Ligand code: PMT
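Residue numbers (my numbering): 22 to 499.
Structure, rendered in C-alpha cells:
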C-alpha cells in the first residue's frame with residue numbers, strides 16, 4: 022500500500038502519556054509498510070508500555086537511555102527486517118551484544134543512502150547515531166512537558182537530546198489534557214515549535230483518558246501513518262486548492278426510497294488523499310458514502326445531484342455555504358487548522374476533479390410521503406440532472422478540470438468523446454467492472470496528447486499516478 026515508506030528509517034519517539042499504547046500500532050503500521058523503525062522511549066513512556074512491546078513489533082532494540090550504547094559500540098545497520106522471534110526474547114545485554122556484531126549506520130553526507138554507506142562507523146552515541154541516516158523522527162505521543170523541552174532545547178534524556186541533534190525532519194503528535202492544550206504556555210510553545218519548522222500532527226478533539234472532553238487527543242495511528250507518509254511525497258501541488266466530487270448521488274423518490282448507484286467513494290477519497298499528500302488544500306463534496314475522511318481533507322456531505330451542484334458552486338464561489346455541521350473536516354479535528362469555516366482560505370479553486378457517479382436523472386416530483394403499494398406497474402417520471410462537471414468546465418474562470426468516464430465498453434472512444442464534448446484537459450477512463458465499488462482499479466488517462474494507461478493497482482496508488490499526471494500538465498501549462 023505504501024511504497025514510499027519501504028526502506029525508510031524512522032525514529033519513533035514515545036513520551037509518557039496514556040496514548041503511548043497507540044504508538045505500538047503506529048510502529049506496526051510502519052513496519053508493515055517496510056520502514057525500519059527505531060523506538061526511543063522516555064522513562065515516563067516505559068511506565069505506560071513496556072519497551073519489549075516495541076522490540077517485538079519492530080524487531081529492533083528499543084532505546085530508553087542516553088547511556089544505552091557504550092562508547093566503543095557503534096550502532097548497527099541490521100537488516101531491514103530482523104528476525105522477530107529472535108529479538109523478542111533478547112535481554113538488553115544480548116541486544117547490546119548484537120549491536121556490536123552488526124555493521125554500523127550510515128552517516129548523512131557520506132554519499133547517497135544505500136550499500137555505499139554501509140562503511141560508516143557510528144560515534145557510539147545513541148543520540149547522534151540514531152538519527153544519522155534517518156529519514157524522519159516522529160514523537161507520538163508528545164506530552165506538554167516534552168514539547169516544552171523541545172521549545173527550549175533541553176537535552177536531559179535520550180529523546181530530547183536526539184531531537185536537538187537530528188538532521189532530518191521532526192514531526193510531533195501532541196497528546197494531553199484539553200486544559201493543558203489550551204493553556205497559554207502550551208499555545209506559546211506550539212507557535213514556537215511550528216516557527217522552528219517542526220510539523221505538528223493534531224491533536225484531535227474528543228473524549229480524553231482523564232474523562233474530560235476537548236482538544237488534546239493524539240491522532241489515531243492510521244492518521245499519523247498517513248501524515249508521515251505524506252511528509253515524504255514531493256509537494257507537487259503545494260499552494261493549490263483542489264475541489265473534488267466523490268461517491269454516488271441519491272435521488273429521492275419518496276422519504277424512504279431513491280435512485281442511486283454502487284459507487285463507494287473510494288476512488289474519489291483516494292484522490293483527495295493523494296492531493297493532500299502533495300501539498301494541496303483539498304475539499305471533497307461527497308455523496309452518501311460511509312468512508313472515513315482522509316486526514317487533512319475538508320469534507321462536505323450531500324445527498325442528491327442538485328445539492329452536490331450547489332456545494333460545488335458555493336465552494337468555487339469562495340465559501341462553503343453549507344451548514345458547518347455538515348462539514349466533516351479532519352483538518353478541523355486536528356491537523357493544525359482551527360475548526361472554523363476558513364472561508365477566505367478556501368476561496369476559489371485551482372483544480373476540480375469530478376469523480377462522483379452523479380445520477381443523470383432524478384424523479385421529477387419526489388413524493389412527500391411513502392409511496393404505497395398499489396397497481397402492478399408504477400411509472401416514474403425522471404428529469405435530467407445538471408451536468409456539474411460540464412457547468413464548471415464552461416465557466417469563464419474554470420479551474421483545471423478533470424473528468425472521469427465510467428464505461429462498460431468502448432472505453433477509449435467514450436472517454437475521449439466526453440473529454441472533447443466537455444472541453445476537458447484530462448479525462449480518467451475506467452471500466453465499471455474494474456473500478457466500481459472495490460479497492461482496485463484500472464484506468465487510462467486521456468488528454469490532448471493521447472491515451473496514457475496506468476498500471477493496475479489499488480485506488481490510492483492509481484490516485485497518486487493521476488495526481489502526478491495532473492501536476493505535470495499544470496507544470497507544462499506554466
Ligand atoms: O466510487 P468507487 O466505488 O471508487 O468507483 C469509482 C468510479 C467508478 C465511480 C469512478 O472511478 C468514476 O468513474 N467516476 C465517474 C462516474 C461517472 O458518473 O461517469 P460518467 O461517465 O457518467 O460521467 C462523466 C463525468 O461527468 C464524471 O466526471 C462525472 O463526475 C461527471 N458528471 C456526470 C454527470 C453529472 N450530472 N454531473 C457530473 O459532474
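Note that the Cβ used here is the ideal one computed from N, Cα and C, for glycine as well.
These numbers were taken from a predicted model, which means no experiment stands behind them.
Contacting residues, own chain, Cβ-Cβ under 7 Å from residue i (five flanking each side not counted)
i, result
"residue 47", "33, 161, 242, 245, 246"
"residue 6", "Absent from the structure is residue 6, since the part of the chain shown begins at 22 and ends at 499."
"residue 233", "198, 199"
"residue 210", "168, 169, 172"
"residue 74", "45"
"residue 296", "258, 263, 303, 488"
"residue 72", "62, 83, 85"
"residue 478", "461"
"residue 152", "32, 158, 183, 186, 187, 188, 189"
"residue 468", "446, 447, 494"
"residue 381", "405, 406"
Cβ pair residue i, residue j closer than 8 Å
i, j, result
"residue 158", "residue 213", "no"
"residue 323", "residue 308", "yes"
"residue 258", "residue 333", "no"
"residue 374", "residue 423", "yes"
"residue 191", "residue 222", "no"
"residue 35", "residue 156", "no"
"residue 271", "residue 281", "yes"
"residue 326", "residue 413", "no"
"residue 377", "residue 268", "yes"
"residue 40", "residue 70", "no"
"residue 283", "residue 457", "yes"
"residue 329", "residue 306", "yes"
"residue 54", "residue 26", "yes"
"residue 436", "residue 448", "yes"
"residue 248", "residue 316", "yes"
"residue 417", "residue 494", "no"
"residue 420", "residue 401", "no"
"residue 196", "residue 164", "yes"
"residue 410", "residue 444", "no"
"residue 201", "residue 154", "no"
Residue i versus residue j: straight-line alpha-carbon distance, rounded
i, j, result
"residue 459", "residue 285", "8 Å"
"residue 335", "residue 219", "34 Å"
"residue 406", "residue 50", "43 Å"
"residue 497", "residue 454", "33 Å"
"residue 331", "residue 288", "22 Å"
"residue 28", "residue 59", "13 Å"
"residue 273", "residue 215", "47 Å"
"residue 484", "residue 470", "20 Å"
"residue 399", "residue 279", "14 Å"
"residue 68", "residue 277", "53 Å"
"residue 339", "residue 371", "12 Å"
"residue 275", "residue 395", "15 Å"
"residue 89", "residue 38", "22 Å"
"residue 482", "residue 475", "10 Å"
"residue 205", "residue 76", "37 Å"
"residue 354", "residue 235", "With a pLDDT of only 34 at residue 354, under the threshold of 50, the placement of this residue in the model should not be trusted; the figure read from the coordinates follows. Computed Cα separation, rounded: 10 Å."
"residue 313", "residue 145", "44 Å"
"residue 480", "residue 266", "16 Å"
"residue 188", "residue 174", "15 Å"
"residue 431", "residue 294", "30 Å"
"residue 225", "residue 260", "24 Å"
"residue 389", "residue 24", "51 Å"
"residue 464", "residue 486", "10 Å"
"residue 176", "residue 64", "14 Å"
heavy atom of the ligand PMT below 7 Å from residue i C-beta
i, result
"residue 421", "no"
"residue 320", "no"
"residue 335", "no"
"residue 383", "no"
"residue 21", "This structure cannot speak to residue 21, because the chain is shown only from 22 to 499."
"residue 266", "yes"
"residue 327", "no"
"residue 451", "yes"
Same chain only: Cβ atoms within 6 Å of residue i, ignoring 5 sequence neighbours per side
i, result
"residue 490", "466"
"residue 298", "251, 254"
"residue 473", "466"
"residue 66", "35, 36, 37, 41"
Same chain, Cβ closer than 8 Å to residue i, neighbours up to 5 away in sequence not counted
i, result
"residue 428", "435, 436, 450, 451, 452, 453"
"residue 43", "161, 162, 239, 241, 242"
"residue 492", "257, 258, 299"
"residue 392", "274, 275, 278, 399"
"residue 231", "198"
Residue ranges of each alpha helix (DSSP H) within the stretch 258 to 335, 4 or longer: 287 to 298
Minimum length 4: unbroken alpha helix (DSSP H) runs contained in the stretch 38 to 87: 41 to 53, 64 to 69, 72 to 79
Return the chain-ordered ranges of every beta strand (DSSP E) run that is complete within the stretch 380 to 428 and spans a minimum of 3 residues. 382 to 384, 403 to 405, 421 to 428
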